[in-house]
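Peer 1:
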Amino acid sequence: MHEWALAEAVIAAASEIAEKEGLSEVTEVKIKVGELQQIELDILEFALSQLKSAKLENARFSIGLSKAEIKCRVCEHKWILATGNLDKVTAEAIHFVPEIAHTYIKCPKCGSPDFEVLSGRGVWLESIRGVKREDG
Amino acid sequence: MVDPRLSIIDERIREVSRIVAVSSGKGGVGKSLAAATLALKLTKMGYTVGLFDLDFTSPSTHVILGIADLQPKEDRGIVPPMAHGMKYMSIIYYSGEYATPLRGADVSNVLIELLSITRWAKLDFLIIDMPPGIGDATLDLIRLVKDIEFLIVTTPSQLAFETVRKLVSLLKELKIPVIGVIENMKTHKSDTIRQQTRKLDVKFLGEIPYDARIEESIGSAHRLSKTIFAEKVGEIALRIQ
Ligand SMILES: Nc1ncnc2c1ncn2[C@@H]1O[C@H](COP(=O)(O)OP(=O)(O)OP(=O)(O)O)[C@@H](O)[C@H]1O
Ligand SMILES: [Mg+2]
Ligand SMILES: [Zn+2]
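Protein chains in written order, with our numbering: chain A, 21 to 156; chain B, 5 to 245.
1. For G168/A, does the three-state DSSP call read helix, strand or coil?
2. Is V94/A close to ligand 3? I mean its beta-carbon at under 8 Å from any heavy atom of the ligand.
3. Is I68/B near ligand 1 - that is, is its Cβ less than 8 Å away from at least one heavy atom of it?
4. Along the chain, where does the alpha helix (DSSP H) containing I132/B start, and where does it finish?
5. Ligand 1 heavy atoms versus the CB of E55/A: any closer than 8 Å?
6. Give the straight-line distance between the Cα atoms of L118/B and N188/B, rounded to the nearest whole angstrom.
7. Output yes if chain B places a C-beta closer than 9 Å to the C-beta of R198/A; else output no.
8. Cβ of I82/B less than 9 Å from any chain A Cβ?
9. G156/A by DSSP, collapsed to three states: which one?
10. Just to confirm the assignment, what range does the beta strand (DSSP E) spanning K50/A have?
11. Closer than 9 Å, CB to CB, is R141/A near chain B or not?
12. If I measure Cβ to Cβ from T231/B and keep anything under 7 Å in the same chain, skipping five residues before and after, which residues do I get?
13. Does any C-beta atom of chain A lie closer than 9 Å to the C-beta of D57/B?
14. Of the choices L69/B, S229/B, L46/B, G29/B, whose alpha-carbon is the least far from that of G223/B?
15. Does any CB atom of chain B fall closer than 9 Å to the CB of E41/A?
16. Select from the segment 198-220 of chain B all residues with a C-beta closer than 7 Å to any C-beta belonging to chain A, and list them in chain order.
17. With a threshold of 8 Å, establish whether the CB of H97/A neighbours any heavy atom of ligand 3.
18. Could you check if C130/A is buried or exposed, using at least 16 other CB atoms within 10 Å of its CB as the buried criterion?
19. Taking the beta strand (DSSP E) that Y124/A falls in, what are its first and last residues?
20. Quick check: is any heavy atom of ligand 2 less than 8 Å from the C-beta of D62/A?
21. Give me the DSSP bridge partner(s) of E60/A.
22. Where do the N-terminal and C-terminal ends of the alpha helix (DSSP H) with K207/B fall, by residue?
23. Evaluate the contact criterion for the segment 54-74 of chain B versus the segment 128-145 of chain B: three or more CB pairs, one atom per stretch, below 8 Å.
24. For the putative contact between R93/A and D134/A, defined by C-beta atoms under 8 Å, what is the C-beta separation to the nearest angstrom?
25. I'd like to know if F81/A contacts chain B, where contact means its C-beta is closer than 9 Å to some C-beta of that chain.
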């Protein structure tokens, strides 16, 4: 369950930022999830709700998706990887370590594995909102 | 945008007492063989040990130890499976027998991903087999893993030692502990590397002779642990524990 490990990371990062910014309560956490990793959103949401710390008790987690956009470094072809079409073994390997894409996926134009993932890799914390501490 | 993975790495290695990166400025000096054998020896000595192959583009410790058909368990992350009494983690679980062509930023990403999802739990030693040189893996470990220690491998060659000198001076400048230097593949008596190591104010941990028959032990942890190589690494293990 990669989702749980990543949810734990999101909670830790959000708590860290809340502390740094002097927030007594976090009201919203915006997360960006890349499609390359095929994160199961309902598991991620459930994990977030289970793992959240006291400060995040009333936080709303809003999750946005970003497509897996890839650009070949050899021929400059750009494409969107439809992860739904991957076979099970490939999909699962990329789920755990997205860079494994370089093992199994080739540029559809020239066949090179030397491509750059422009967007849609992993889980990102976009922003958090909350209530400032009175004494801060 | 913040990468949340960076915030969980400390937690993932919280119960690991010592993290030892087996490293060298030079390739092919015996890092992987030394890292794998050291992990075996420490396990034999009764320690709880993890071995993490960080050479993502050319992993080899699984070949050295004859590890195949192993997969990690998933439980709120990855639980490394046991091999020869130690917890073993490598990119081969995901890349299998295929090549993994990675550029620097990708290497960093794999390292961060695996550090943030792998649950080592309680370990006395986490031994890390490093790729050669002072690149992304070295810089990321220094950046992300507090209390990392380096164990450096060289050969009797000045070509190897010159790169070791650079690695040592960088680590010292960054105040990263260097456990010491191992001189591997020794073919004749000479004190040169020992003396040069001491001049760097770094501990000389011992020498390992060139063993033309080591190849016969590759792929079998059992045979490997019976070699002179393993005997010497065992003595070094006593010195670093
Ligand atoms: N003491 C030794 N006697 C004989 N052969 C050795 C000895 N030490 C290492 N070797 C051999 O040298 C080769 C390189 O060893 P190894 O792969 O461990 O080096 P490395 O430093 O990890 O290389 P890389 O930089 O590519 O990761 C292997 O074939 C190994 O079996
Ligand atoms: Mg190696
Ligand atoms: Zn191309």
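Beta carbons: idealized from backbone N, C-alpha and C, even for Gly.
Peer 2: On the basis of the coordinates in this document:
1. Lying before the first or after the last residue shown, residue 168/A is absent from chain A, which here runs from 21 to 156.
2. Yes; taking the cut-off as 8 Å, the Cβ of V94/A has a heavy atom of ligand 3 nearer than that.
3. Indeed, a heavy atom of ligand 1 lies less than 8 Å from the Cβ.
4. First-last for I132/B: 127-133, but that is the beta strand (DSSP E), not the alpha helix (DSSP H).
5. No; taking the cut-off as 8 Å, the Cβ of E55/A has no heavy atom of ligand 1 nearer than that.
6. Rounded to the nearest angstrom, the two C-alpha atoms are 30 Å apart.
7. Outside the displayed span of chain A (21 to 156) sits residue 198/A, for which this structure offers no information.
8. Chain A, which has a Cβ nearer than 9 Å to the Cβ of I82/B, makes this yes.
9. Because the pLDDT of G156/A is 49, which lies under 50, any placement of that residue in the model is unreliable, and the question is left without a value.
10. First-last of the beta strand (DSSP E) with K50/A: 43-54.
11. Chain B places a beta carbon closer than 9 Å to that of R141/A, counting this residue as a contact.
12. Here the set comprises D215, I218, S221.
13. Using a CB distance cut-off of 9 Å, D57/B does not count as an interface residue toward chain A.
14. The shortest CA-to-CA distance from G223/B to any of L69/B, S229/B, L46/B, G29/B is the one to L69/B.
15. Chain B places no beta carbon closer than 9 Å to that of E41/A, leaving this residue out of the contacts.
16. Those residues of the segment 198-220 of chain B placed with their C-beta closer than 7 Å to a C-beta in chain A do not exist.
17. Indeed, a heavy atom of ligand 3 lies less than 8 Å from the Cβ.
18. Classification for C130/A: exposed.
19. Taken as a continuous stretch (DSSP letters only), Y124/A belongs to no beta strand (DSSP E), being part of the alpha helix (DSSP H) at 121-124.
20. No - ligand 2 has no heavy atom lying nearer than 8 Å to the Cβ of D62/A.
21. E60/A is not bridged to any residue.
22. Looking at the DSSP string, K207/B is not in any alpha helix (DSSP H), and its letter there is neither H nor E.
23. Contact between the segment 54-74 of chain B and the segment 128-145 of chain B is present, because at least three Cβ pairs lie under 8 Å.
24. Contact between R93/A and D134/A holds: CB atoms are separated by about 5 Å, below the 8 Å threshold.
25. Not one chain B Cβ lies under 9 Å of F81/A.
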